[in-house]
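In our numbering, the protein residues as written are 851 to 985.
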Amino acid sequence: PIAKVRKILKRKLSVSQSNMAKVPRNFRLLEELEKGEKGIGDGTVSYGLRDQDDINLTHWNGTIIGPHGTAFDGRIISLVIECGPNYPEQPPTVTFRSRVNMSCVGSNGVVDGRKFGVLGGGGPASSLGTGLVGV
């Protein structure tokens, strides 16, 4: 089913972008899905749908390989991401499955958007990729 949704959304996305209208949530998330599955930058950040049949594009998994020269150097860090119905105007909920010690992460693993600006702002300029790279 997700392949069919991708095909339909791609067709509609090209029409919507040519009209310079606000890009609907699912179109935006479809673009992000394609970027996330390829890996971002040097490949240390990737993300994708938790379930390929999630036609609402809500539930995601993310992986970050800890940056060189940090306390997380080489660690594989797993996250769960939930994009609500108002994404990208409202930021996603991000929860670390791997235990991390960061001031913006609660004891339950949930990232506090108020302490972590990249997620806290939301808005059309934000993306899953920029949020995960920022973490």
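Ideal Cβ positions, reconstructed from N, Cα and C, are used throughout, including at glycine. Here the structure is a predicted model, which is why all the values come from computation and not from measurement.
Residue i to residue j span [Cα, whole Å]
i	j	result
GLN940	ASP923	31 Å
GLY970	ARG964	Bear in mind that the predicted position of GLY970 carries a pLDDT of just 49, short of 50, making it unreliable; the figure below should be weighed with that in mind. Going from the Cα of GLY970 to the Cα of ARG964 covers about 5 Å.
GLN902	ALA921	33 Å
GLY894	ALA853	For the sequence presented, residue 894 should be read as Thr rather than Gly. Distance between the alpha carbons of THR894 and ALA853 is about 26 Å.
LYS872	LYS888	25 Å
GLY919	PRO938	32 Å
CYS954	ARG947	15 Å
MET952	GLY959	10 Å
LEU929	ASP892	19 Å
LYS885	TYR897	8 Å
GLN867	CYS933	Residue confidence is low: GLN867 scores 48 on pLDDT, short of 50, so the model does not pin down where it sits. No coordinate-derived value is stated.
LEU907	LEU899	7 Å
C-beta contact flag for residue i and residue j at 9 Å
i	j	result
ILE931	GLY912	yes
SER977	GLU882	yes
VAL944	VAL961	yes
PRO917	GLY981	no
GLY979	ILE890	yes
Distance cut-off 8 Å: residue i Cβ against heavy atoms of the ligand FMN
i	result
VAL930	This structure does not include the ligand FMN; it has no bound ligands of any sort.
Opening and closing residue of the alpha helix (DSSP H) in which residue i lies
i	result
ASN876	875-888
Extent of the continuous beta strand (DSSP E) run through residue i
i	result
GLY984	Not the beta strand (DSSP E): GLY984 falls in the alpha helix (DSSP H), residues 978-984.
ILE905	Segment: none, ILE905 is in no beta strand (DSSP E) and carries neither H nor E.
LEU920	The sequence given here places Thr at residue 920; Leu does not occur at that position. Segment: none, THR920 is in no beta strand (DSSP E) and carries neither H nor E.
VAL960	Element bounds for VAL960: n/a, residue is neither H nor E.
PHE946	943-946
VAL895	895-899
SER928	926-932
Best match in the options for proximity to residue i [C-alpha to C-alpha]
i	options	result
PHE877	VAL985, ASN936, ASN951, SER953	ASN936
ARG875	ASN951, ILE905, ILE915, LEU929	ILE905
HIS909	ASP892, LYS885, LEU879	LEU879
VAL950	GLY898, VAL985, LEU907	VAL985
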